[in-house]
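Comments concern the structure below.
Number of protein chains: 4
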Amino acid sequence: MKAKSKKAASRRAPVQERSQLTVEAILDTVIKLLKRRGASSITTNRIAEAAGVSIGSLYQYFPNKRAIFVALHERHIAQVDRIMERRMAESAESTLEELISSLIDGMIEAHATDPELSALLQAEVPHRADGTRDFSVRLHGAFRKALAPHAREFGSRTDLDMRAFFVSNMIDALGHAIVLRRPSGSSLSRARAELLRAILAYLGQNGSSPLPGLGVS
Amino acid sequence: MKAKSKKAASRRAPVQERSQLTVEAILDTVIKLLKRRGASSITTNRIAEAAGVSIGSLYQYFPNKRAIFVALHERHIAQVDRIMERRMAESAESTLEELISSLIDGMIEAHATDPELSALLQAEVPHRADGTRDFSVRLHGAFRKALAPHAREFGSRTDLDMRAFFVSNMIDALGHAIVLRRPSGSSLSRARAELLRAILAYLGQNGSSPLPGLGVS
Amino acid sequence: MKAKSKKAASRRAPVQERSQLTVEAILDTVIKLLKRRGASSITTNRIAEAAGVSIGSLYQYFPNKRAIFVALHERHIAQVDRIMERRMAESAESTLEELISSLIDGMIEAHATDPELSALLQAEVPHRADGTRDFSVRLHGAFRKALAPHAREFGSRTDLDMRAFFVSNMIDALGHAIVLRRPSGSSLSRARAELLRAILAYLGQNGSSPLPGLGVS
Amino acid sequence: MKAKSKKAASRRAPVQERSQLTVEAILDTVIKLLKRRGASSITTNRIAEAAGVSIGSLYQYFPNKRAIFVALHERHIAQVDRIMERRMAESAESTLEELISSLIDGMIEAHATDPELSALLQAEVPHRADGTRDFSVRLHGAFRKALAPHAREFGSRTDLDMRAFFVSNMIDALGHAIVLRRPSGSSLSRARAELLRAILAYLGQNGSSPLPGLGVS
DNA sequence: CATGAATGAGTGTTCATTCAT
DNA sequence: AATGAATGAACACTCATTCAT
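Chains as they are written, first to last, in our numbering: chain A, 4 to 220; chain B, 4 to 220; chain C, 4 to 220; chain D, 4 to 220.
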């Protein structure tokens with residue numbers, strides 16, 4: 004699930020650190036402008052000004068405007084990545100149900116933090132289709148591993164693959180949906196429970212047995 | 004599910020028709036340019052030229068550039084709408100399973116026709132968040148009606164609402180996903196069957212009994 | 004010596020004509036700015052404003068800034084071309100001396116009209132080396148033809164070629180020099196006579212006899 | 004013929020020397036960039052980087068960008084100057100023919116070393132008209148002195164002046180021309196001989212006597 | 001002296017939109 | 001209605017130059 008891992012050597016770089024701070028400041032500013040005025044009115048000069056950086060400096064950190072949006076998407080994805088990765092690590096010893104439950108919460112955590120931003124990023128900020136795909140793909144891969152121990156329950160290898168695909172997409176898409184569009188009048192926790200139920204039902208194989216001891220180990 | 008219902012006044016038809024044709028031609032051109040060069044290089048002048056229309060005429064049909072994109076999204080949604088509406092009408096007498104099966108096929112039909120376009124519209128062409136929401140909302144409403152006859156099986160009214168929300172989102176999001184991103188090596192029909200199974204399992208209530216009376220058999 | 008010969012079909016083009024006028028106006032403006040402020044302070048917006056044309060229109064006629072300078076050079080060369088070509092045509096029946104005399108006057112006419120411009124074009128306005136070369140090459144070719152009838156006087160074909168090369172370069176470079184840098188205190192006509200003498204002496208073969216009957220015929 | 008004579012104060016030498024080396028390195032880099040990318044893409048930052056000097060240091064040696072180009076032209080002219088000056092000194096006892104022959108060789112030596120650079124400096128690198136003029140003027144002055152002993156052969160003082168002007172310009176312009184544009188198929192030495200012949204013929208005064216004993220003394 | 005991050009005025013260029021024909 | 005030349009505000013981006021370290 005690691006996106007890029009540009010872990011800075013701890014003491015190596017006051018310069019690097021300041022760079023990183025500036026980059027973060029710029030991206031945060033873009034988010035602010037995105038919410039305040041919408042994507043179409045964002046200009047590089049406005050970003051620079053609002054971020055308290057000279058336009059020249061902005062171009063020292065980003066080669067062009069598109070790169071700023073790309074970085075914004077990447078940072079967002081990396082944040083989700085980090086959350087999900089942590090949860091997967093934590094659930095290493097848990098049952099499958101616990102794992103899925105945790106990942107749903109992760110998804111909710113990731114998107115409920117700033118639902119407006121999530122929506123804007125998807126609807127207004129152009130992003131080569133790969134960005135989203137990458138995330139899906141990583142989540143899919145993670146699930147393939149998580150479900151592998153139970154492979155014999157899912158007929159063939161293709162079955163496992165498909166199952167992982169569905170589960171990852173359900174968590175992603177439905178997690179997204181319940182945060183952003185859940186029917187008015189229903190609580191998030193209620194929706195969360197429903198999502199868990201949906202996934203478990205799907206994995207329940209013909210509704211037969213209720214996942215006896217599906218540890219992730 | 005009707006998007007706008009611009010029922011043409013019967014006698015103004017000839018004019019309206021030419022207008023309609025021009026509008027269609029323009030939107031088709033936008034799609035072509037979108038695929039060929041990407042959204043960021045689309046300009047109104049280029050659209051007009053590629054569509055064989057003068058820039059002046061283009062502005063006779065669209066008040067500004069954004070309106071073109073809006074119209075494109077609307078047309079796309081309307082197409083999906085039409086397909087789904089037809090299928091819902093056709094399945095008025097069918098079992099729930101048949102309805103869902105049909106709607107899944109509708110979703111696939113809608114997106115498999117031009118997956119590239121679907122992806123582009125979502126990733127590159129800006130669309131106020133409402134566009135997507137509108138569609139979801141309509142599908143949701145439709146499902147509320149479709150599931151209503153079985154209301155007593157789903158405890159409260161809130162339950163029904165939630166159930167409809169999940170089913171509509173699963174059809175939308177997972178239908179989308181299996182067309183655009185399904186794991187290589189798996190067939191669309193296989194994925195389609197899996198999606199149906201997932202939804203039915205979800206509606207199967209705890210995976211226990213098979214929806215007594217709901218025709219799911 | 005023909006540069007491009009885009010002689011407009013006489014009635015074909017009111018549009019073309021206006022275009023041509025605008026282009027000329029722009030180039031004239033560039034010259035004015037060149038003289039007034041120097042090449043380094045010329046901007047496309049300033050050109051447009053000074054020419055009374057919108058910047059957008061300017062870019063309808065020239066794809067970029069460099070093209071403006073290229074066009075300016077080309078126009079200048081074309082003017083010299085035209086003058087020289089006319090003189091060569093007029094001297095078809097004259098002696099070689101008369102031809103050379105006429106071409107010297109042509110060169111002077113060409114550069115004396117606006118010596119400042121000539122100097123600026125050469126010193127400040129960037130021009131791919133070919134521009135100048137082209138002119139030299141055409142003049143060289145012209146002289147090869149002019150001297151051909153006297154080929155037997157100049158040993159081999161290489162000799163003729165070399166002779167034509169020297170004469171064309173003397174007319175070009177020295178004609179240029181006497182207009183722009185001739186020693187203060189000497190008249191142009193005096194310098195002109197000296198140039199003629201220099202060329203004739205050069206062609207006089209060892210300075211021996213005074214060009215016996217070198218008619219161009 | 005001395006261009007500037009920045010005779011280094013003997014004791015500041017080490018510093019001066021390093022400075023001088025840096026300046027030379029910068030100018031050499033400019034030439035490299037000039038050849039590689041063309042004048043229009045040269046920036047001070049690129050120069051500094053390619054020269055392995057910090058941009059700050061570059062500005063320690065040159066007050067602004069223009070100064071770099073000026074220095075480049077001056078260095079080039081100084082090189083030619085040096086060559087020509089040496090040759091004039093060496094030919095102090097020679098005949099006029101020998102002097103001229105030597106200066107032609109000097110001109111060839113100067114430009115044949117790096118013809119591409121010569122062309123670039125003239126065509127792409129902006130230079131106030133004075134730069135070229137200066138050189139011409141100095142060569143002109145030198146010739147005035149060289150021809151002075153034979154003043155009585157050239158009628159008036161004005162005559163002498165004019166003669167010196169023509170000879171210096173012929174050496175300059177035609178020397179340049181034979182190096183850079185001589186007709187394909189002719190050797191440089193052949194062209195060199197032709198240039199000498201042209202100048203001698205010009206000085207031959209009506210083609211009469213062949214310059215009896217025109218020492219420069 | 002050296003450095004190179006930072007600056008920001010200014011540039012070339014685009015492109016949505018208008019409007020006279 | 002249709003046209004498309006013209007517009008010019010606005011944009012992304014550059015680059016000569018400075019100055020704190």
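Here a beta-carbon is modelled for each residue, glycine too, at the ideal position from N, C-alpha and C.
Sub-8 Å separation of residue 178/A and residue 198/A beta-carbons: Taking the first residue of the first sequence as 1, we reach residue 178/A at position 175. Taking the first residue of the first sequence as 1, we reach residue 198/A at position 195. Cβ distance < 8 Å, so residue 178/A and residue 198/A count as in contact.
Top-ranked residue by Cα proximity to residue 82/A, from 117/A, 101/A, 51/A, 95/A: The count along the first sequence starts at 1 and reaches residue 82/A at position 79. Cα-wise, what sits closest to residue 82/A is 117/A.
Interface partners of residue 197/D on chain C, CB under 7 Å: Mapped onto the fourth sequence, residue 197/D falls at position 194. Listed by position along chain C, the residues whose Cβ is nearer than 7 Å to that of residue 197/D are 165, 169.
Spatial neighbours of residue 101/D in its chain, beta-carbon cut-off 7 Å, leaving aside the 5 residues before and after: Taking the first residue of the fourth sequence as 1, we reach residue 101/D at position 98. Only 94 meet the Cβ criterion.
CB contact below 8 Å: residue 67/C versus chain D: The sequence position of residue 67/C within the third sequence is 64, counting from 1. Cβ-Cβ to chain D under 8 Å: no for residue 67/C.
Any chain A beta carbon closer than 8 Å to residue 131/B: Stepping through the second sequence from its first residue, residue 131/B is reached at position 128. At least one chain A Cβ lies under 8 Å of residue 131/B.
Residue 122/A versus residue 63/B - alpha carbon distance: Here residue 122/A is taken as the residue at index 119 of the first sequence, counted from 1. Here residue 63/B is taken as the residue at index 60 of the second sequence, counted from 1. Roughly 32 Å separates the two Cα atoms.
Under 8 Å between C-beta atoms of residue 25/B and residue 53/B: Along the second sequence, one-based indexing puts residue 25/B at 22. Along the second sequence, one-based indexing puts residue 53/B at 50. No, the pair does not count as a contact, with Cβ atoms beyond the cut-off.
Chain D within 8 Å of residue 172/C, Cβ atoms only: Residue 172/C sits at position 169 when you count from the first residue of the third sequence. Answer yes: the Cβ-Cβ gap between residue 172/C and chain D drops below 8 Å somewhere.
Min CB distance residue 78/A to chain B below 8 Å: In the first sequence, the residue the question calls residue 78/A occupies position 75. Output row for residue 78/A: interface = no.
Proximal residues to residue 61/D (C-beta, below 7 Å), its chain only, five neighbours per side dropped: Counting from 1 along the fourth sequence, the entry for residue 61/D is found at position 58. So the qualifying residues of the chain are 29, 47, 50, 51.
Contact set between residue 139/A and chain B, taken where Cβ atoms lie within less than 9 Å: For the purposes of this step, residue 139/A is taken as residue 136 along the first sequence, with counting starting at 1. The answer, in chain order, is 180, 184.
Which listed residue (34/B, 186/B, 56/B) has its alpha carbon closest to that of residue 128/B: Within the second sequence, the letter at position 125 stands for residue 128/B. Checked all of 34/B, 186/B, 56/B; the closest Cα to residue 128/B is 34/B.
Assigned secondary structure, residue 98/B (DSSP; H/G/I helix, E/B strand, else coil): Taking the first residue of the second sequence as position 1, residue 98/B is located at position 95. The answer is coil: DSSP assigns residue 98/B none of H, G, I, E or B.
Rounded C-alpha distance that separates residue 80/D from residue 103/D: Within the fourth sequence, residue 80/D is the residue found at index 77, counting from 1. Within the fourth sequence, residue 103/D is the residue found at index 100, counting from 1. Roughly 19 Å separates the two Cα atoms.
Residue 57/C in three-state terms, based on DSSP: Counting from 1 along the third sequence, the entry for residue 57/C is found at position 54. In the structure shown, residue 57/C sits in coil (DSSP, three-state: anything other than H, G, I, E or B).
Straight-line gap, residue 71/C to residue 73/D (C-alpha atoms, nearest Å): Translated into positions along the third sequence, residue 71/C becomes position 68. Translated into positions along the fourth sequence, residue 73/D becomes position 70. Going from the Cα of residue 71/C to the Cα of residue 73/D covers about 25 Å.
Local Cβ density within 10 Å of residue 90/D, reported as buried at 16 or more and exposed below that: Taking the fourth sequence and counting its residues from 1, one reaches residue 90/D at position 87. Residue 90/D should be labelled buried.
From 27/C, 23/C, 149/C, 182/C, residue whose alpha carbon lies closest to that of residue 108/C: Residue 108/C sits at position 105 when you count from the first residue of the third sequence. Taking only the C-alpha atoms, the option nearest residue 108/C is 182/C.
Helix, strand or coil at residue 143/C according to DSSP, with G and I counted as helix: Taking the third sequence and counting its residues from 1, one reaches residue 143/C at position 140. DSSP places residue 143/C in helix when its eight states are reduced to three.
Which of helix, strand or coil DSSP assigns to residue 111/C: The residue labelled residue 111/C in the question sits at position 108 within the third sequence. Here DSSP, grouped into helix, strand and coil, assigns residue 111/C to helix.
Outcome for residue 8/B when other beta-carbon atoms lying within 10 angstroms are tallied against a minimum of 16: Here residue 8/B is taken as the residue at index 5 of the second sequence, counted from 1. Residue placement at residue 8/B cannot be trusted, given a pLDDT of 41 that sits under 50; what the coordinates show is reported in the next sentence. The residue in question, residue 8/B, is exposed, as its Cβ has fewer than 16 Cβ neighbours within 10 Å.
Cβ of residue 161/A within 8 Å of any chain B Cβ: Sequence index remark: in the first sequence, residue 161/A carries index 158 (1-based). The beta-carbon of residue 161/A is placed less than 8 Å from the nearest beta-carbon of chain B.
Enclosing alpha helix (DSSP H) for residue 87/A [first to last residue]: Position 84 of the first sequence, counting from 1, holds the residue named residue 87/A. Start and end: 68–93.
Same chain, Cβ closer than 8 Å to residue 151/B, five either side skipped, listed in chain order: One-based indexing of the second sequence puts residue 151/B at position 148. Contacts found: 163.
Neighbour list for residue 188/C in chain D, Cβ cutoff strictly below 8 Å: The residue labelled residue 188/C in the question sits at position 185 within the third sequence. 161, 164, listed in chain order.
Counted within 10 angstroms of its Cβ, other Cβ atoms place residue 185/D as buried (16 or more) or exposed: For the purposes of this step, residue 185/D is taken as the residue at position 182 of the fourth sequence. When all chains shown are included, residue 185/D counts as buried.
Pick from 203/B, 143/B, 187/B that is closest to residue 187/A, judged by C-alpha positions: Within the first sequence, numbered from 1, the residue matching residue 187/A stands at position 184. Of the listed residues, the one whose Cα sits closest to residue 187/A is 143/B.
Other residues of its chain near residue 138/D: CB distance less than 6 Å, five sequence neighbours each side excluded: Looking up residue 138/D in the fourth sequence gives position 135. Within the same chain, Cβ atoms closer than 6 Å to the Cβ of residue 138/D are found at 80, the five residues on either side in sequence being excluded.
Where residue 153/B falls: helix, strand or coil (DSSP): As a working mapping, residue 153/B is identified with position 150 in the second sequence. Three-state result, residue 153/B: helix.
Interface partners of residue 177/C on chain D, CB under 8 Å: Working through the third sequence from its first residue, we reach residue 177/C at position 174. Neighbours of residue 177/C across chain D, judged by C-beta separation under 8 Å: 169, 172, 173, 176.
Where residue 141/A falls, given that 16 or more other Cβ within 10 Å makes a residue buried: For the purposes of this step, residue 141/A is taken as residue 138 along the first sequence, with counting starting at 1. Residue 141/A should be labelled buried.
Residue 200/A versus residue 147/A: straight-line alpha-carbon distance, rounded: For this step, residue 200/A is matched to residue 197 along the first sequence. For this step, residue 147/A is matched to residue 144 along the first sequence. Taking the straight line joining both Cα atoms gives about 20 Å.
Buried versus exposed call for residue 45/D [16 or more other C-beta atoms within 10 Å across all chains shown]: As a first step, residue 45/D must be located in the fourth sequence, where it is residue number 42. By the beta-carbon neighbour count (other beta carbons within 10 angstroms, threshold 16), residue 45/D is buried.
Opening and closing residue of the alpha helix (DSSP H) in which residue 130/C lies: Here residue 130/C refers to the residue found at position 127 when the third sequence is read from its first residue. Run containing residue 130/C: none; DSSP gives neither H nor E here.
Residue 207/D at chain C interface by Cβ criterion, 8 Å: Counted from its first residue, the fourth sequence places residue 207/D at position 204. So, interface residue.
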